[in-house]
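**Student:** Each step along the sequence shown adds one to the number in the numbering used here, with nothing skipped, and position 115 is 121. By construction, the Cβ of each residue, glycine as well, lies at the ideal position given by its N, Cα and C atoms. Bear in mind that the values here come from a model prediction, so they are computed numbers and not experimental data.
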Amino acid sequence: MENNVINSTLSEKNFESNLKQVHTDKYIETAQNVRLYVKDYGQGKPVILIHGWPLSNEMWEYQIEFLVQNGFRVIAYDRRGFGKSSQPWDGYDYDTLSDDLQEIIEQLELTDATLVGFSMGGGEVVRYFSRHGGKGVSKAALISSIIPFLLKTNDNPDGHPREKSENTANAIKEDRIAFIDNFGKTFFGVNIINKPLSTPLLEYYRNLCSVASPRATLKCAESFSFTDFRDELNFVKVPTLIIHGDDDKIVPIELTSKKAAEGIRESTYIVYEGAPHGLFYTERERLNNDLLNFLNS
Numbered sequence: 007m008e009n010n011v012i013n014s015t016l017s018e019k020n021f022e023s024n025l026k027q028v029h030t031d032k033y034i035e036t037a038q039n040v041r042l043y044v045k046d047y048g049q050g051k052p053v054i055l056i057h058g059w060p061l062s063n064e065m066w067e068y069q070i071e072f073l074v075q076n077g078f079r080v081i082a083y084d085r086r087g088f089g090k091s092s093q094p095w096d097g098y099d100y101d102t103l104s105d106d107l108q109e110i111i112e113q114l115e116l117t118d119a120t121l122v123g124f125s126m127g128g129g130e131v132v133r134y135f136s137r138h139g140g141k142g143v144s145k146a147a148l149i150s151s152i153i154p155f156l157l158k159t160n161d162n163p164d165g166h167p168r169e170k171s172e173n174t175a176n177a178i179k180e181d182r183i184a185f186i187d188n189f190g191k192t193f194f195g196v197n198i199i200n201k202p203l204s205t206p207l208l209e210y211y212r213n214l215c216s217v218a219s220p221r222a223t224l225k226c227a228e229s230f231s232f233t234d235f236r237d238e239l240n241f242v243k244v245p246t247l248i249i250h251g252d253d254d255k256i257v258p259i260e261l262t263s264k265k266a267a268e269g270i271r272e273s274t275y276i277v278y279e280g281a282p283h284g285l286f287y288t289e290r291e292r293l294n295n296d297l298l299n300f301l302n303s
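Here it is, written out as structure tokens:
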């Protein structure tokens, strides 16, 4: 009887210890001298949140709390060069970024996970399937995503001209913080008539962007502007939720999510009428409910 009591006590302590290990933030080394900051909260099926450019995992504030409270384990990390993660000189191409994601999934021993990529993060989602076979992932979500291809070419005539990306790069080099300030207003659809978030909150998001490595900011902009994912869509063979605002002035819906929905066989496509790019805040309640319904489906 005494041994049973001791074993029961040890089991309870181990269970509590496992809870403490999960409910924490941590650093994960994904490559030599590259450590990514990772939040790992909650219990249940894992949901991996991949942030947009040039933000950090903090953009998911209103989703992390909601998903944890609804029974999911939520992993939100800072891409290399952003937030609290290491800022190496190189490694901002999608192959390397998807390798970082793969390391997080392997080291946390995640299975039956859902990948959620916002904007630039959609590239990591698709490249993870084409490069790593989608190991450990059973669902995916693309939110305001840049997938499949932004650049104007002969076979993509509606894309952004290369000069647009060059102008963005020059503006970042000239005055990165001023660029971020103007970018943020367009990002959230702020104008004289429409003010969907407070000035302090807009400044907060600007500050999140400002801590990113200048080098990472430039190189990641090149990656999402010039990488062609069109031939990789057929690698995404899991149920995929695609959400985009039809008033997105940063990543036009007709160029991206509409085409992604046509190219990913098992996709559910939802258009948010009048929503800007930053709908993770402006449409947070609707987005949270749509994500939850998808995760539970």
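Go through its chain and collect everything with a Cβ distance to Thr-246's Cβ below 8 Å, but skip five positions before and after it.
**Tutor:** Once the five neighbours on either side are set aside, the close Cβ partners of Thr-246 are Lys-145, Ala-146, Ala-147, Leu-148, Ile-270, Glu-272, Ser-273 and Thr-274.
**Student:** Mark Gln-108 as exposed unless 16 or more other C-beta atoms lie within 10 angstroms of its C-beta, in which case mark it buried.
**Tutor:** Buried, because 16 or more other Cβ atoms sit within 10 Å of the Cβ of Gln-108.
**Student:** Just list the residues that DSSP pairs Ile-149 with in beta bridges.
**Tutor:** Beta-bridge pairing links Ile-149 to Phe-124 and Ile-249.
**Student:** Cutting at 7 Å between CB atoms, please list the residues of its own chain near Arg-85, excluding the five before and the five after it.
**Tutor:** Once the five neighbours on either side are set aside, the close Cβ partners of Arg-85 are His-57, Ser-91 and Leu-103.
**Student:** Put Ser-144 into one of helix, strand or coil per three-state DSSP.
**Tutor:** Residue state, collapsed to three classes: strand.
**Student:** Could you tell me the boundaries of the beta strand (DSSP E) in which Leu-55 lies?
**Tutor:** Segment 52-56, the beta strand (DSSP E) holding Leu-55.
**Student:** Would you list, in sequence order, the uninterrupted beta strand (DSSP E) runs of no fewer than 3 residues that lie entirely inside the stretch 42-119?
**Tutor:** List check, beta strand (DSSP E) in window: 52-56 and 79-83.
**Student:** Are the beta-carbon atoms of Phe-193 and Pro-282 separated by less than 8 Å?
**Tutor:** In contact: Phe-193 and Pro-282 (Cβ atoms closer than 8 Å).
**Student:** Tell me which residue opens and which closes the alpha helix (DSSP H) that Ala-175 is part of.
**Tutor:** Residues 168-193.
**Student:** Quick one: is Leu-285 buried, meaning 16 or more other Cβ sit within 10 Å of its Cβ, or exposed?
**Tutor:** Burial call: buried.
**Student:** For Arg-79, count neighbouring Cβ atoms within 10 angstroms of its own Cβ and tell me buried if that reaches 16, exposed if not.
**Tutor:** That one is buried.
**Student:** When the Cα atoms are used, what is the spatial distance from Tyr-211 to Gly-89?
**Tutor:** Straight-line Cα distance between these residues: approximately 12 Å.
**Student:** At 3 residues or longer, what runs of the beta strand (DSSP E) sit wholly inside the stretch 257-298?
**Tutor:** The stretch 257-298 contains these whole beta strand (DSSP E) runs: 273-278.
**Student:** To which residues of the same chain is Gly-190 closer than 7 Å at the C-beta, ignoring the five residues directly before and after it?
**Tutor:** Excluding residues within five positions, the ones whose Cβ falls inside 7 Å are Leu-208, Tyr-211 and Arg-212.
**Student:** Going by DSSP, which residues form a beta bridge with Tyr-33?
**Tutor:** Answer by DSSP bridge pairing, in chain order: Tyr-43.
**Student:** Are at least three pairs of beta-carbons, each pair with one atom in the stretch 258-266 and one in the stretch 37-46, less than 8 Å apart?
**Tutor:** Flag = no, the stretch 258-266 and the stretch 37-46 do not touch.
**Student:** Report, in whole angstroms, the separation of the C-beta atoms of Val-132 and Phe-235, which I expect to be a contact under 8 Å.
**Tutor:** Sure, about 5 Å apart at Cβ, within 8 Å.
**Student:** If you draw a straight line from the alpha carbon of Glu-115 to that of Gln-69, how long is it in whole angstroms?
**Tutor:** Distance between the alpha carbons of Glu-115 and Gln-69 is about 23 Å.
**Student:** Are the beta-carbon atoms belonging to Asp-106 and Thr-36 less than 8 Å from one another?
**Tutor:** Yes, the pair counts as a contact, with Cβ atoms nearer than the cut-off.
**Student:** Can you check which of these residues, Lys-170, Ile-199 and Pro-60, is closest to Leu-224 by C-alpha distance?
**Tutor:** Answer by Cα proximity: Pro-60.
**Student:** Can you tell me which of Glu-238, Gly-139, Asn-162 and Gly-280 puts its alpha carbon nearest to the alpha carbon of Val-196?
**Tutor:** Ranking the options by Cα distance to Val-196, first place goes to Gly-280.
**Student:** What does Leu-157 pair with, by DSSP beta-bridge criteria?
**Tutor:** Per DSSP, His-166.
**Student:** In its own chain, which residues sit with a C-beta less than 7 Å from the C-beta of Asp-237, not counting the 5 before and 5 after it?
**Tutor:** No residues qualify anywhere along the chain.
**Student:** Specify, as a first and last residue, the run of the alpha helix (DSSP H) that Pro-221 falls within.
**Tutor:** The amino acid at residue 221 is misidentified as Pro; the sequence shows Arg. That run of the alpha helix (DSSP H) goes 220-232.
**Student:** Can you tell me the Cβ-Cβ gap for Gly-129 and Phe-241, rounded? I've got them flagged as a contact below 8 Å.
**Tutor:** Not a contact, Cβ separation roughly 13 Å.
**Student:** For Met-126 versus Cys-226, is the C-beta spacing smaller than 8 Å?
**Tutor:** Taking 8 Å as the Cβ cut-off, Met-126 and Cys-226 qualify as a contacting pair.
**Student:** Using the three-state DSSP reduction, which class does Pro-206 fall into: helix, strand or coil?
**Tutor:** Three-state DSSP puts Pro-206 in a helix.
**Student:** Taking just the CA atoms, how far does Tyr-83 sit from Ile-34?
**Tutor:** Straight-line Cα distance between these residues: approximately 10 Å.
**Student:** State the CB to CB distance for the pair Asp-164 and Leu-261, rounded to an integer number of angstroms; the pair is presumed to be in contact (CB under 8 Å).
**Tutor:** Yes, Asp-164 and Leu-261 are in contact; Cβ-Cβ is about 6 Å, under 8 Å.
**Student:** Leaving out five residues on either side along the sequence, give the residues of the same chain with a beta carbon under 8 Å from the beta carbon of Asp-296.
**Tutor:** Answer for Asp-296: Leu-247, Ile-249 and Ile-276, listed in chain order.
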